[in-house]
Every structure is written in C-alpha cells, then in structure tokens.
Amino acid sequence: MIADPIGAATTVDPDADAVPAGTSVATGRPVSPVVHGVDVDALAAAVRGCPAVADLDPGRAVQSVATYLPGRQVGGIRVTDTGATVQFVLRWGASVSEAASQIRSAAGDLTGGRPIDLVVSAVTDPPTATVATD
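Numbering (the working numbering), first residue to last: 2 to 135.
Written out as structure tokens, the structure reads:
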C-alpha cells in the first residue's frame, strides 16, 4: 500500500501490465521521440545501420550519453539545442574516420544541421580464426 498525498491508502497491483515503452503513463498515448526537433529513434537507427558501427553505447552512469524519454531512454544518443552526441562501439577493422564519415552521412539530415560529436567507447573483438582440422 502507498499513501497518497491526501492520506488515503492506495493498493499497488504488482501483476498489473506495465505501460509499453514510448507510451505515456498518464494518458496511455504514444510519446514522441522528437527532442529539440530531432527524432532520436530515427537517428539511432541510422547510426546502427552504419557498417563501421557495432552498436550504440550509453556509457557508464556517471558519464552517460543518452536521451531520456518518458518510460525509456535511447542510449548512445544525446541531443541538445546546439548539437548531438553519438557514442558507439567501433567494429573491428573499421577506422575511426570511416565510421565518422558513415555516421555523419547517415545522420546529417536527421539532426537539422547541428554538429555531431562522436565518441568511440570501445572496439569489438577481432573475429576468431577457425583452424581446419583434418
């Protein structure tokens, strides 16, 4: 039980269905992923589609790069009124300049001309070599 501000007891049902991500708890309607005029879901999808990018990386709690939306967050993407930050894991064998070119090309139109700061948080492990056995 939880006491409401007036003092009446309210029972919380732990088995109640959770509100789907991207939906307002108050209204039950979808919440827009647009922040400062940028659709962060579209931006995340564009970055993830770059061959040199293994995935987005939200980072650690102290140095998190994320966009916070009601009920969820989009890790690895931060949008402000003056720019955007994309933090990602670089795919093994790709160069940073290659990734930067791909990301800026894929995301440029989505950020409304804002500058895009790129942060490489890690590099994937090299592919494991398979040894043929006879």
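Glycine included, every Cβ here is placed at the ideal spot set by N, Cα and C.
Only a predicted model underlies this, so the values are computations on that prediction, with no experimental measurement involved.
In this structure Ala47 is buried. Its beta-carbon is surrounded by 16 or more other beta-carbon atoms within 10 angstroms. Val35 counts as exposed, since fewer than 16 other C-beta atoms from the protein chains shown sit within 10 angstroms of its C-beta. In the structure shown, Arg61 falls within a coil segment according to DSSP collapsed to helix, strand and coil. Residue ranges of uninterrupted beta strand (DSSP E) with 3 or more members, entirely inside the region 58-124 and ordered along the chain, are 67-70, 73-76, 78-80, 85-91 and 117-124. With a 10 Å radius around the Cβ and a threshold of 16 neighbouring Cβ atoms, Asp118 comes out exposed.
With respect to the C-alpha of Ile78, the residue from Ala55, Thr86 and His37 having the closest C-alpha is Thr86. DSSP places Val48 inside the alpha helix (DSSP H), whose first and last residues are Val41 to Arg49. By the C-beta criterion, the region 107-116 is judged not to be in contact with the region 67-76, since fewer than 3 inter-stretch pairs fall below 8 Å. In this structure, Ser122 and Gly60 form a Cβ contact; the two beta carbons are roughly 6 Å apart against a cut-off of 8 Å.
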